[in-house]
Each structure stands twice: as structure tokens, then as C-alpha cells.
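Colleague: Going by UniProt numbering, the first residue of the sequence shown is number 1, and it counts up by one from there.
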Amino acid sequence: MYPKLRFGHSIIKIKNNRFIIGSITQGISNTIHDPSGNFKNLNEILTGEYTIDEVVIKTSEILGLTPKNSKKIIESLITMGHIEDGSYLKLSTKSNRYSRSREFFSWIDTSGSSDPFRVQNILSSSKIAIVGLGGIGGSVAMNLASSGVSQIHIVDFDNVEESNLNRQILYTEKDLGLKKSTAAMKNLQKINSEILITSEDKKITSSDDLIKYFNEYDLVYRCADSPDDIPFWFSDASLKSGKPWIDASYNGPIINCCIYDPKVTGCYRCIRESNLRNMTRLGYEEAHTDKVPEINAAISPIVLISGSLAAYEGIRYLAKLKPQSLGKAIHQNMFDYSNSYTVEVPHECQHRATQE
1 MYPKLRFGHS IIKIKNNRFI IGSITQGISN TIHDPSGNFK NLNEILTGEY TIDEVVIKTS
61 EILGLTPKNS KKIIESLITM GHIEDGSYLK LSTKSNRYSR SREFFSWIDT SGSSDPFRVQ
121 NILSSSKIAI VGLGGIGGSV AMNLASSGVS QIHIVDFDNV EESNLNRQIL YTEKDLGLKK
181 STAAMKNLQK INSEILITSE DKKITSSDDL IKYFNEYDLV YRCADSPDDI PFWFSDASLK
241 SGKPWIDASY NGPIINCCIY DPKVTGCYRC IRESNLRNMT RLGYEEAHTD KVPEINAAIS
301 PIVLISGSLA AYEGIRYLAK LKPQSLGKAI HQNMFDYSNS YTVEVPHECQ HRATQE
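Given below as C-alpha cells:
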């Protein structure tokens, strides 16, 4: 191994012989106290140029510690997710296409893996299905395609209409009148010709229509907003297959994202029932509805942010990068940014037994 500080993890001295490693990003950074005051000098040796044995010796010289204690420090930094193996970079023949992705994933990968290509390799072998190719579905598809997901299957039954163009930027004026599944596949192939994109012109009418996607793909997105029962169909198909799905939506200026995994979370029916009980207790039961508005009140920025969040959470889920919406419905107010909240999905699922 050739220890190398991850991108964005350079050691910064603050005060009183304390040092920050991992930038100042909450959840990633750590503060370390070093009596010698020389901890920052490890920046000069954790470059991927030296073997781990050489790094241990140099660390001993810098910090005035025994080789045994110096090795413990380096091993701790690896476990904490601050160090990757620079030898992978020396041997890599991978294309430059995802080089910026590699640096980003290097920054946020706290898994303890020393392989700097770990996340990209996962994406390059993942298969995703997206049902619904409106604003959110198109945004999810574009983000996952550009990120290098190996295979993306897209499903919709609708045509591209003029009223779509204010927010569904996967389509252009030249696509008007075309099937969304056809236009989306054509435009996604222009974004990334190296991945497999397949399309299907289909209207979903029951959970039975969805089960094949859950069985075949690693992760399924619900980006279709009609009919009203469709999120419940996704939930039922997920429970039957034991496979995860992501619910991505918005309601005016409020965006929402939640990952349901029957192995670790409750289901969509659970959270809706829990929500109804809570709103009834507070006297807001009339505000609880599963009916979708006939017209989408939306503009491109809101829809794109919603879809981008869902795509990002999907990447984090697949790569085990601590997705924030696993079992928690994230709500972000895009009118007042200070207003965000999460709704916990009940862990115990009484519906699981009825679907197995």
C-alpha cells in the first residue's frame, strides 16, 4: 500500500496543537490533538509516493513516536476514511471521463476502503430502472447516465408536450409529439454512449406491472405521479421482491425523497398510515391526502433539484455512502431554505407478511 490522503482531506492546523483532517465537512472531518504540533507535516508524506513502511518511519520522525505507535496512527486514519491507496492510481488505465467523480467520491467515502475507484466500480456494474420520465425522472436519468451507471431502463407511456418544456429539460422542441420513452433514450445516449440505455413505452396499472423491474434491477425509482395509487403499487412490489426503491416527488416548493428497503425499513403504507395518525392527533386530518393535483405547479429549478437529490441518494445507497433518506422522508422547503424536516418511516412493517 502507498498511503495517500483523500482528495479534500489535507490536514489543517487550528489552535492549541489541534488539527482538522477531512476538511470542515460535518460527518467527514475529524479533529486530532498532537502534542508535538507537527501533525500537519504528514501532508508531505501521505502523497501516495511512499510505501506504508516508509510512511511509518517518516511519521515516527515527524511526531517523535515509536514506529509501533506511528503505525497505529496511520491505520487509524485509514479506518476513519482519510487515506486511500495511491498504488491504484499508478496502475489505473481507466479513462479520464470520471476523474472528477473519483475525486468527489474520494472526498466523501468514509467506508474505510483504500480503493479510490470503489464507488465508480459499483456504479459501473449497477442496473437502475426509472418509472416516469417527466421532470424528476428525466433529471434522475441524466444524473445517473452522466455518473456512469452501467444500465438504465426507462419507462413511460406519455408523449412530449409543449407544457413539459418549462421543467423537463431532457427534452427539446424537436421532441414535441414523440413518445417520452423514445425521446429520452435518444437524448440520454447523447449524454453517455458508453452505458446501456433501454426504454419501454408502458402505462403502469398495478403492482404486477412493476414486479419485473424490482426483480431485474438493483434499484427502482418512482418518478411517476399518477395514478394516485402508484406509490402504493411500488411499495407492494418492493415487499414482494425484497428489493429497494426510491420515492422522488415535489409538491409546489417542497421537494421530497425517501429510500424504502424492505430489509431495513418499513414501507410506504406504513409512513402514510403513521402520517394520518399524527395529523389527526394534531387536528390536521383534512390536510392528509393521497390524491395528486391535476396540474403540476413547477418550474425547472425545483424539479431538477428534486431529481438531482434522488439521483445522489441512489448513488449513496448503492455505494454504501450513508444515504440520508434511507427510512427517512426528507422534505426541503425551496421557498424558505431554513425549513427542512424528515419524517421517519416506521421500522416495523405490518404489511410485509401480506406481500411475501
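All C-beta atoms, glycine included, are put in the ideal place defined by N, C-alpha and C.
In this text the structure is predicted, and so the values were computed from the model without any measurement.
1. Expressed to the nearest angstrom, what Euclidean distance is found between the alpha-carbon atoms of residue 16 and residue 37?
2. Taking C-beta to C-beta, are residue 133 and residue 141 nearer than 8 Å?
3. For residue 217, I'd like the list of residues in its chain whose CB is within less than 7 Å of its CB, leaving aside the five on either flank, ordered along the chain.
4. Bridge partners for residue 84 per DSSP, in chain order?
5. Helix, strand or coil: which one does DSSP assign to residue 160?
6. For residue 296 and residue 309, I'd like the C-alpha separation in whole angstroms.
7. Is DSSP giving residue 223 helix, strand or coil here?
8. Contact between the segment 111 to 123 and the segment 153 to 167 is defined here as three or more beta-carbon pairs at a separation below 8 Å; is this criterion met?
9. Residue 181 and residue 208 look like a contact to me (Cβ under 8 Å); what is the Cβ gap, rounded to whole Å?
10. State yes or no: is the C-beta of residue 250 within less than 8 Å of the C-beta of residue 298?
11. Can you check whether the CB of residue 340 is closer than 8 Å to the CB of residue 331?
12. What whole-angstrom Cβ distance do residue 149 and residue 195 have, given they're in contact under 8 Å?
13. Would you call the segment 1 to 10 and the segment 97 to 112 touching, i.e. three or more CB-CB distances under 8 Å?
14. From the DSSP output, in three-state form, read off residue 294 for me.
15. Check whether the Cβ atoms of residue 265 and residue 351 sit closer than 8 Å, and answer yes or no.
16. Going by alpha carbons, who is nearest to residue 19 out of 28, 27, 34?
17. Could you give the first and the last residue of the continuous alpha helix (DSSP H) run that contains residue 180?
18. Rounded to whole angstroms, what is the Cα-Cα separation between residue 78 and residue 111?
19. Using the Cβ count rule (16 or more neighbours within 10 Å means buried), how would you classify residue 48?
20. Use the C-beta contact count for residue 225: other C-beta atoms within 10 angstroms, 16 or more gives buried, fewer gives exposed.
21. According to DSSP, what are the bridge partners of residue 18?
22. Spell out the partners DSSP gives residue 249 in its beta bridges.
23. Kindly give me the distance between the Cβ atoms of residue 57 and residue 42, rounded to whole angstroms, as I take these residues to be in contact under 8 Å.
Modeller: Based on what the coordinates show:
1. Residue 16 and residue 37: Cα-Cα distance of roughly 8 Å.
2. When the beta-carbon positions are compared, residue 133 and residue 141 come within less than 8 Å of each other.
3. Taking C-beta separations shorter than 7 Å and ignoring five residues to either side along the sequence, the partners of residue 217 in its chain run 127, 128, 129, 153, following chain order.
4. BP columns for residue 84 point to 4.
5. Looking at residue 160 - three-state DSSP - the assignment turns out to be coil, as it is neither helix nor strand.
6. Their backbone Cα atoms lie some 19 Å apart in a straight line.
7. For residue 223, the three-state secondary structure derived from DSSP is coil.
8. The segment 111 to 123 makes no contact with the segment 153 to 167, as fewer than three CB pairs between them are under 8 Å.
9. Contact between residue 181 and residue 208 does not hold, since the beta-carbon distance rounds to 20 Å and is not under 8 Å.
10. Going by C-beta atoms, residue 250 is nearer than 8 Å to residue 298.
11. With respect to the 8 Å criterion, residue 331 and residue 340 are classified as neighbours on the basis of their beta carbons.
12. Confirmed, Cβ separation roughly 6 Å.
13. Yes: at least three Cβ pairs fall under 8 Å.
14. Coil at residue 294, not helix or strand.
15. Contact: no.
16. Of all alpha-carbon atoms in 28, 27, 34, the one lying nearest the alpha-carbon of residue 19 is that of 34.
17. According to the DSSP assignment, residue 180 belongs to the alpha helix (DSSP H) that extends over 180 to 191.
18. Near 9 Å, if we compare the C-alpha coordinates of residue 111 and residue 78.
19. Under this definition residue 48 is a buried residue.
20. The residue is buried, with at least 16 neighbouring Cβ atoms inside 10 Å.
21. Answer by DSSP bridge pairing, in chain order: 33.
22. Looking at the DSSP output, residue 249 bridges to 256.
23. The pair is not a contact, with the Cβ atoms about 13 Å apart (cut-off 8 Å).
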